[in-house]
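Note sheet for the following structure.
Numbering (this note's numbering), first residue to last: 122 to 227.
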């Protein structure tokens, strides 16, 4: 991302490629995990710091974060509760209802 942004700067294409780079930044922050998603969420409301293209691109981090695997969620819950998930919940959905930067809802 940084190299592409630098090349955009040198080629005087920052404005022209802003939407593309904003989407790439959003994807990169998502891949880096929850802490970086939080940073992106904070930046998405900083219209005083970022161009409209970057604000739009990062806004998806507010409510469109992809979920992590249900197997991983089940493992975390079982470790935290110290017992099998089926012993605690009569039903545990296979897919989350919603996902956020730091958790998801089943």
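All C-beta atoms, glycine included, are put in the ideal place defined by N, C-alpha and C.
When the options are compared against residue i, the one with the closest alpha-carbon
i: residue 160; options: 127, 218, 129 and 181; result: 181
i: residue 162; options: 217, 184, 208 and 226; result: 184
Close Cβ partners of residue i (< 8 Å) along its chain, the five nearest in sequence each way excluded
i: residue 206; result: 195, 198, 199 and 213
i: residue 168; result: 176
i: residue 187; result: 151 and 220
i: residue 146; result: 122, 161, 175, 178 and 179
CA-to-CA distance, residue j to residue i, given in whole angstroms
i: residue 203; j: residue 178; result: 40 Å
i: residue 174; j: residue 133; result: 16 Å
i: residue 153; j: residue 208; result: 34 Å
i: residue 158; j: residue 130; result: 25 Å
i: residue 136; j: residue 201; result: 47 Å
i: residue 144; j: residue 189; result: 20 Å
Counted within 10 angstroms of its Cβ, other Cβ atoms place residue i as buried (16 or more) or exposed
i: residue 211; result: exposed
i: residue 139; result: buried
i: residue 166; result: exposed
i: residue 128; result: exposed
Chain-order list of residues whose beta-carbon lies under 6 Å from that of residue i (same chain, five-residue window excluded)
i: residue 148; result: none
i: residue 223; result: 155
Close beta carbons around residue i, own chain, < 7 Å, minus the five adjacent residues each side
i: residue 171; result: 164
i: residue 226; result: 217, 218 and 219
i: residue 215; result: 191
i: residue 126; result: 142
Collapsed DSSP secondary structure at residue i in the structure displayed
i: residue 139; result: helix
i: residue 226; result: strand
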